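Protein chains: 2
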Amino acid sequence: MGRPTMNDVARNAGVSLKTVSRVVNGETTVDPGLAARVRAAVAALGYRPNLGASMLRRNDRRTRMIGVLLTDLAGPFSAAVHRAVEDEARARGVHVLGGSTDDDPQRAQDLVEAFARRHVDGVILMASAVVDLPSVVIDREAGIDQGMRHLRNHGHRRIAFVEQEVHAVFALPDPPTAILAGSTPVTIEVVRALRERGLRDRVALVGLGDFPAADLLEPAVTVVTQDPGATGRAAAGALFEQIDGGTPGARTISIPTTLIARGSGEIRPATGS
Amino acid sequence: MGRPTMNDVARNAGVSLKTVSRVVNGETTVDPGLAARVRAAVAALGYRPNLGASMLRRNDRRTRMIGVLLTDLAGPFSAAVHRAVEDEARARGVHVLGGSTDDDPQRAQDLVEAFARRHVDGVILMASAVVDLPSVVIDREAGIDQGMRHLRNHGHRRIAFVEQEVHAVFALPDPPTAILAGSTPVTIEVVRALRERGLRDRVALVGLGDFPAADLLEPAVTVVTQDPGATGRAAAGALFEQIDGGTPGARTISIPTTLIARGSGEIRPATGS
DNA sequence: CTACTGCAAGACAACGTTGTCTCTCGATTT
DNA sequence: AAATCGAGAGACAACGTTGTCTTGCAGTAG
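Taken in order, these protein sequences are the chains called A and B.
The opening residue of the first sequence carries number 1 in the UniProt record's numbering; numbering runs sequentially from there.
The opening residue of the second sequence carries number 1 in the UniProt record's numbering; numbering runs sequentially from there.
As structure tokens, then:
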């Protein structure tokens, strides 16, 4: 005796199973009196349709679930994408299964496989991966180009692109005059490291990804930003179009980037060194 | 003709449906030769089990999905909780449906209802709500007390607790000498507002929720932090315990808070005013 | 050589729902 | 008044899988 089923409702209301199904699905070809009895029984028993069973039988075969595979659900960029995707999905009555890949292709693969077993209607991924499902790939790359170009335009020739080992950069024999930081956490680490070494006004810094207090630091941090909300919306939009239209194959969404000059990225290399 | 089913695999391998089921589920009572044929057919057809159908029939009736309802999937606290829950779930082969409530009880209710229709095994919520599912409620409140106490201990008597309208506070006839900011976005807004008014060293500020650059601002921002990772892990742990143990009813997880004094919260009220 | 045991493998029902078909009954048409 | 129609309501199969029961066959004991 788990949850009540349609059958229980039918018995309780003294109608056939199929009539309950009709009422629950809002079909109009039901006598108002019977429909009322059914609704009363539904309320009395606390009946809830079993979406899994219904999807199994339905003709459209949609689970109305999609999967979203992001680098790290806790990271600001991923989280914002996730939220935007959720909003698009909600508008269509679709739910979102989330997954962090930590940029590990194997994990991405495993998650895609697992989501496929759940018959998600489609998948959005941040890593590049090919799938035999409707899918949209979010491609992040453009920002690096733009950041590099900006620093070169300000006279820098030795530019470090930093992803993990922030401190190693400063140990180099011929240290860079500018730093491009690969993510917001790294950017903040770099700011901290520059301060410790008294270099805050001497080494240029551009961060990939904006963060809330960037303009409040001294110097304020120049960043290249990719609007995660727009990205998520675009990806979700493309995915649903693919699902609904039956367009096959994977699509790639690339994100326009914007550079916000705030100071740290406009420091010029010391001429006398 | 959609995806291949067990029946297709069975036909292809020349065995019965049930034998395929046994192989797929790793039962050992299958002749190695047949098992190999089945596995070959699975690979050849690209067969994937349909978890929905299997859950319908299985005895344990678990979908191995849980729902997580947070204020805002894009917010740093929610996102970190979400990630921690994901990790706990992954360790148990469970997937996570996420949802943002924006602190709207109606939306929370709707999402719970929708997740229940999907037969999630349980739910974690940040808002308070009662559900007829295994559930864990995350309770955030303790931080306010701790922040208030800290400011009072530093001599403040007029303390503003700010949630939305940051600027309204400064328009008051008798403005506060200290501010407790309700969330990290608000904290950053307050910092900005204090600077604009030249009050950065005169009005005390404590923020609810730590953020990455808090120690790099001037003055560095004192915060009350609640470890979202620990919270997520605790909530997920309690939920799975409830699911597995069959313990009924909802449980509440309360989060220990820590105050990190960095400067902005230790400013004392001007004596001469 | 027959009877029994054990185990692999298939047949069949069932999970909760929806699609399709059939039946009944009152209302409309000639 | 008989025939026709339409619409509401139920019976039944099916979705893809797993639980249970039965069958068949090889191996062992008597």
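In this text, a Cβ means the ideal position worked out from N, Cα and C, and glycines have one as well.
Bear in mind the structure is a predicted one, so any value in this text is a computation, not a measurement.
How far does the beta strand (DSSP E) with ARG202 of chain A in it reach, from first residue to last? The residue labelled residue 202 of chain A in the question sits at position 202 within the first sequence. Neither: ARG202 of chain A is in no beta strand (DSSP E) and is coded neither H nor E.
Quick one: does THR63 of chain A have its CB under 8 Å from some CB of chain B? Numbered from 1 along the first sequence, position 63 holds the residue referred to as residue 63 of chain A. Put simply, the CB of THR63 of chain A is near chain B, with a gap under 8 Å to one of its CB atoms.
For ARG11 of chain A, the three-state DSSP class (helix, strand or coil): The sequence position of residue 11 of chain A within the first sequence is 11, counting from 1. Shown here, ARG11 of chain A sits in a helix according to DSSP, grouped into three states.
Proximal residues of chain A, C-beta to C-beta of VAL162 of chain B below 9 Å: Sequence index remark: in the second sequence, residue 162 of chain B carries index 162 (1-based). Correct list: empty, because the minimum Cβ distance to chain A is about 16 Å.
Between the Cα of MET148 of chain B and the Cα atoms of B:ALA168, B:PRO176, B:ASP121, which residue gives the shortest distance? In the second sequence, residue 148 of chain B corresponds to position 148, counting from 1. For MET148 of chain B, the closest C-alpha among the options B:ALA168, B:PRO176, B:ASP121 is that of B:PRO176.
Given a cut-off of 8 Å, decide if THR222 of chain A and GLY265 of chain A are closer than it, judged by their beta-carbon atoms. Here residue 265 of chain A refers to the residue found at position 265 of the first sequence. Here residue 222 of chain A refers to the residue found at position 222 of the first sequence. Yes; because the gap between Cβ atoms is below 8 Å, this pair is in contact.
For ALA74 of chain A, name the three-state secondary structure that DSSP assigns. Stepping through the first sequence from its first residue, residue 74 of chain A is reached at position 74. Note: ALA74 of chain A maps to coil in three-state DSSP.
Going along the segment 179 to 210 of chain B in order, which residues come within less than 8 Å of chain A, judged by CB to CB distance? Along the segment 179 to 210 of chain B, the positions whose C-beta sits under 8 Å from a C-beta of chain A are THR184, PRO185, ILE188, VAL191, ARG192, ARG195, read in chain order.
Chain A contacts made by the segment 212 to 232 of chain B, where a contact means CB separation under 7 Å: Sequence-ordered contacts of the segment 212 to 232 of chain B with chain A read PRO212, ALA213, LEU216, LEU217, GLU218 [C-beta pairs closer than 7 Å].
Which runs of the alpha helix (DSSP H) spanning at least 4 residues fall entirely within the segment 90 to 152 of chain A, listed in chain order? DSSP runs (the alpha helix (DSSP H)) wholly in the segment 90 to 152 of chain A: 105 to 117.
With the cut-off set at 8 Å, would you say SER100 of chain B and GLU88 of chain A are in Cβ contact? Along the second sequence, read from residue 1 onward, the residue named residue 100 of chain B stands at position 100. Along the first sequence, read from residue 1 onward, the residue named residue 88 of chain A stands at position 88. Cβ atoms of SER100 of chain B and GLU88 of chain A: not closer than 8 Å.
Which first and last residues belong to the beta strand (DSSP E) in which ARG251 of chain A is found? As a first step, residue 251 of chain A is located in the first sequence; it is residue number 251 there, counting from the start. Start and end: 250 to 254.
Please state the DSSP three-state secondary structure of VAL24 of chain B. Residue 24 of chain B sits at position 24 when you count from the first residue of the second sequence. Correct three-state label for VAL24 of chain B: helix.
Anyone know if the C-beta pair for ARG37 of chain A and GLY14 of chain A falls short of 8 Å? Start at 1 with the first residue of the first sequence, and residue 37 of chain A comes out as number 37. Start at 1 with the first residue of the first sequence, and residue 14 of chain A comes out as number 14. One thing to note: ARG37 of chain A has its Cβ within 8 Å of the Cβ of GLY14 of chain A.
At least three beta-carbon pairs within less than 8 Å, the segment 101 to 111 of chain A to the segment 142 to 160 of chain A: The answer is no - the segment 142 to 160 of chain A does not touch the segment 101 to 111 of chain A, with fewer than three Cβ pairs under 8 Å.
Going by the CB atoms, is the gap between MET55 of chain A and VAL48 of chain A shorter than 8 Å? The residue labelled residue 48 of chain A in the question sits at position 48 within the first sequence. The residue labelled residue 55 of chain A in the question sits at position 55 within the first sequence. Here the sequence assigns Arg to residue 48 of chain A, which means Val is not the residue at that position. Against a cut-off of 8 Å, the Cβ pair of MET55 of chain A and ARG48 of chain A comes out as no contact.
Beta strand (DSSP E) segment containing THR257 of chain B, residue limits: Here residue 257 of chain B refers to the residue found at position 257 of the second sequence. That run of the beta strand (DSSP E) goes 257 to 260.
Buried versus exposed call for GLY33 of chain A [16 or more other C-beta atoms within 10 Å across all chains shown]: Counting from 1 along the first sequence, the entry for residue 33 of chain A is found at position 33. With fewer than 16 Cβ atoms within 10 Å of its Cβ, GLY33 of chain A is classed as exposed.
Collapsed DSSP secondary structure at LEU69 of chain A in the structure displayed: For the purposes of this step, residue 69 of chain A is identified with residue 69 of the first sequence, where counting begins at 1. LEU69 of chain A: strand per DSSP, three-state reduction.
Taking the alpha-carbon of ASP132 of chain B as reference, which of A:GLY2, A:THR271, A:ARG22 has the nearest alpha-carbon? For the purposes of this step, residue 132 of chain B is taken as residue 132 along the second sequence, with counting starting at 1. Checking every option, the nearest Cα to that of ASP132 of chain B belongs to A:GLY2.
For chain B, find out if any of its Cβ atoms is closer than 8 Å to the Cβ of ASP72 of chain A; answer yes or no. Counting from one through the first sequence, the residue named residue 72 of chain A turns up at place 72. At least one CB of chain B lies nearer than 8 Å to the CB of ASP72 of chain A.
Spatial distance of SER128 of chain B from ILE66 of chain B (CA atoms): By one-based count along the second sequence, residue 128 of chain B stands at place 128. By one-based count along the second sequence, residue 66 of chain B stands at place 66. C-alpha separation (whole angstroms): 17 Å.
Going by the beta-carbon positions, is the gap between LEU167 of chain A and ALA193 of chain A smaller than 8 Å? Along the first sequence, read from residue 1 onward, the residue named residue 167 of chain A stands at position 167. Along the first sequence, read from residue 1 onward, the residue named residue 193 of chain A stands at position 193. Looking at the sequence shown, residue 167 of chain A is not Leu but His. Yes.
Let me check understanding here. Comparing Cα to Cα, which of A:PRO76, A:VAL42, A:SER21, A:VAL23 lies closest to GLN226 of chain A? In the first sequence, the residue the question calls residue 226 of chain A occupies position 226. Ranking A:PRO76, A:VAL42, A:SER21, A:VAL23 by Cα distance to GLN226 of chain A puts A:PRO76 first.
Within-8 Å CB hit, VAL96 of chain B to chain A: As a first step, residue 96 of chain B must be located in the second sequence, where it is residue number 96. Chain A, which has a Cβ nearer than 8 Å to the Cβ of VAL96 of chain B, makes this yes.
Listed by chain order, chain A residues near ARG48 of chain B by CB distance under 9 Å: As a working note, residue 48 of chain B is residue 48 in the second sequence. Near ARG48 of chain B (Cβ distances below 9 Å), the residues of chain A are GLU113, ALA116, ARG117, HIS119.
If we cut at 8 Å on Cβ distances, does GLN106 of chain B have a partner in chain A? Taking the second sequence and counting its residues from 1, one reaches residue 106 of chain B at position 106. No - not a single Cβ of chain A is within 8 Å of the one on GLN106 of chain B.
Could one say the Cβ of PRO76 of chain A lies closer than 8 Å to chain B's Cβ atoms, at least one of them? What you label residue 76 of chain A is simply residue 76 of the first sequence in a count that begins at 1. At least one chain B Cβ lies under 8 Å of PRO76 of chain A.
Quick one: measure Cβ to Cβ for PRO212 of chain B and PRO185 of chain A, integer angstroms, because I've assumed they're closer than 8 Å. The residue given as residue 212 of chain B occupies position 212 in the second sequence. The residue given as residue 185 of chain A occupies position 185 in the first sequence. Correct: roughly 7 Å between the Cβ atoms.
Could you check whether ILE159 of chain B and ILE201 of chain B sit closer than 8 Å to each other, using their CB atoms as the reference points? Here residue 201 of chain B refers to the residue found at position 201 of the second sequence. Here residue 159 of chain B refers to the residue found at position 159 of the second sequence. A small correction: the amino acid at residue 201 of chain B is Asp; Ile does not occupy that position in the sequence shown. Note that the C-beta distance between ASP201 of chain B and ILE159 of chain B is not below 8 Å.
Spatial neighbours of GLY272 of chain B within its chain, please: C-beta separation below 8 Å, excluding the five flanking residues on both sides. Residue mapping note: residue 272 of chain B aligns to position 272 of the second sequence, counting from 1. For GLY272 of chain B, the predicted structure reports a pLDDT of 49, less than 50, and the residue's modelled location is therefore unreliable. A value from the coordinates is still provided. Here GLY272 of chain B has no same chain residue with a Cβ atom under 8 Å from its own Cβ, once five neighbours each way along the sequence are excluded.
Using only CA atoms, which one of B:PRO228, B:ALA236, B:ALA91, B:ILE188 lies nearest to SER78 of chain B? Residue numbering aside, residue 78 of chain B sits at position 78 when the second sequence is read from its first letter. Taking each of B:PRO228, B:ALA236, B:ALA91, B:ILE188 in turn and checking the Cα distance to SER78 of chain B, the smallest one comes out for B:PRO228.
Going along the chain, which residues of its own chain have a beta-carbon closer than 6 Å to the beta-carbon of ALA84 of chain A, five neighbours each way excluded? Against the first sequence, residue 84 of chain A aligns to sequence position 84. Once the five neighbours on either side are set aside, the close Cβ partners of ALA84 of chain A are GLY229, GLY232, ARG233.
For ASP72 of chain A, count the other beta carbons within 10 Å of its own beta carbon; 16 or more makes it buried, fewer makes it exposed. Which is it? Counted from its first residue, the first sequence places residue 72 of chain A at position 72. When all chains shown are included, ASP72 of chain A counts as buried.
Measure how close the beta-carbons of ALA116 of chain A and LEU69 of chain A come, nearest whole angstrom, since I'm counting them as under 8 Å. Position 116 of the first sequence, counted from the first residue, corresponds to residue 116 of chain A. Position 69 of the first sequence, counted from the first residue, corresponds to residue 69 of chain A. Actually they are not in contact, since the Cβ atoms of ALA116 of chain A and LEU69 of chain A sit about 12 Å apart, beyond 8 Å.
Looking at THR222 of chain B and the ligand MN, is the gap between the Cβ and the nearest heavy atom below 7 Å? No copy of the ligand MN occurs in the structure displayed, which carries no ligand at all.
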